Amino acid sequence: MLVDWLPSIVIGFGLGFMHALDADHVMAVSALSNQRPSMRRTLFFSAYWALGHSVVLLLSGILLFGLGFAVPHSLQYIAELGVGLLLIALGLNCLWRFRRENISLHTHRHGDIVHTHWQDPNHNVARVDCTDHEAHKPVMVGLLHGLAGSAPALALIPAVAQGQVSSALTYLLLFSLGVMLSMIFFGLGFGRLQKFLEQRYTKLFRGSRYALAMASILLGGFWLSQAL
Numbered sequence: 140m141l142v143d144w145l146p147s148i149v150i151g152f153g154l155g156f157m158h159a160l161d162a163d164h165v166m167a168v169s170a171l172s173n174q175r176p177s178m179r180r181t182l183f184f185s186a187y188w189a190l191g192h193s194v195v196l197l198l199s200g201i202l203l204f205g206l207g208f209a210v211p212h213s214l215q216y217i218a219e220l221g222v223g224l225l226l227i228a229l230g231l232n233c234l235w236r237f238r239r240e241n242i243s244l245h246t247h248r249h250g251d252i253v254h255t256h257w258q259d260p261n262h263n264v265a266r267v268d269c270t271d272h273e274a275h276k277p278v279m280v281g282l283l284h285g286l287a288g289s290a291p292a293l294a295l296i297p298a299v300a301q302g303q304v305s306s307a308l309t310y311l312l313l314f315s316l317g318v319m320l321s322m323i324f325f326g327l328g329f330g331r332l333q334k335f336l337e338q339r340y341t342k343l344f345r346g347s348r349y350a351l352a353m354a355s356i357l358l359g360g361f362w363l364s365q366a367l
């Protein structure tokens with residue numbers, strides 16, 4: 140009956156929705172989209188990050204509750220270290236790209252409409268569309284986050300599932316759904332904020348991109364210090 144499944148639905152979806160907004164998750168997705176901001180790109184990275192995270196979590200659940208095989212703690216520890224290194228690398232990569240690419244924001248007016256876009260030195264509008272080959276980036280980041288954070292996500296399953304594999308997998312599916320929707324909502328809000336700053340406050344937008352890159356480096360360093 141639905142009443143019997145209600146605790147799993149509420150707990151799984153709710154915890155997944157909150158889990159997606161952990162600082163390391165939000166920072167990683169923000170740093171990825173910060174390399175060339177656009178609404179489409181931010182939503183693209185958010186959705187594919189959630190996909191990678193969900194795949195690892197579901198596989199971990201199947202191995203643990205279906206086959207009795209738990210992910211080794213040593214592998215989770217390595218993944219935790221990897222998250223810290225990843226955040227540092229993403230921040231450094233943003234700073235490197237800012238200096239390497241001579242792409243600037245160009246603002247001009249069409250009548251009463253003010254239009255802002257990226258433009259290279261040859262006056263060609265820079266493309267910010269996402270391509271299929273870029274999907275591996277957020278997916279791999281999501282896989283790493285899922286591996287590093289699988290233990291807390293799986294900890295409540297025995298109490299919810301009561302020994303039933305089907306209940307455990309249902310919980311994980313709902314948890315993953317909560318993660319995906321939460322990250323997509325974040326991507327939508329973050330993308331709209333970037334677009335607003337880009338169009339209205341160009342200098343603040345540029346400064347926020349550098350600040351975000353530095354924040355990723357700092358959070359990565361703190362993450363490593365806590366993991367070591």
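All residue numbers for the sequence shown refer to my numbering, where the first residue is 140 and numbers rise by one. For every residue, glycine included, the Cβ atom is placed at its ideal position computed from N, Cα and C. These numbers were taken from a predicted model, which means no experiment stands behind them.
* **Nearest candidate by alpha-carbon position, reference G151, set R175, R331, S315** => Closest by C-alpha distance to G151, out of R175, R331, S315, is S315.
* To do: Check whether the Cβ atoms of F237 and A352 sit closer than 9 Å, and answer yes or no.
  => Yes.
* Asked: Quick check: the region 210-229 against the region 277-286, are there 3 or more CB pairs under 8 Å?
  -> Of all C-beta pairs linking the region 210-229 to the region 277-286, three or more are shorter than 8 Å, placing the two stretches in contact.
* Mind checking which residues open and close the alpha helix (DSSP H) that includes F325? => Counting along the chain, the alpha helix (DSSP H) containing F325 begins and ends at 304-339.
* Asked: Contact check, L320 vs G200 under 8 Å by CB: the rounded distance?
  -> Between G200 and L320 the Cβ distance is about 19 Å, and since that is not below 8 Å, they are no contact.
* Asked: Quick one, which of Q174, S306, A189 has its alpha-carbon nearest F325's?
  -> For the options Q174, S306, A189, the alpha carbon positioned closest to that of F325 is the one of A189.
* Identify, in the order they occur along the chain, each residue of the same chain with its Cβ nearer than 6 Å to the Cβ of P176, setting aside the five sequence neighbours on each side. => Excluding residues within five positions, the ones whose Cβ falls inside 6 Å are Q333.
* Rounded to a whole number of angstroms, what is the C-alpha to C-alpha distance between M322 and G155? -> Each residue's alpha carbon lies about 10 Å from the other.
* Per-residue burial, D161 [other beta carbons within 10 Å of its own, 16 or more giving buried] -> The residue is exposed, with fewer than 16 neighbouring Cβ atoms inside 10 Å.
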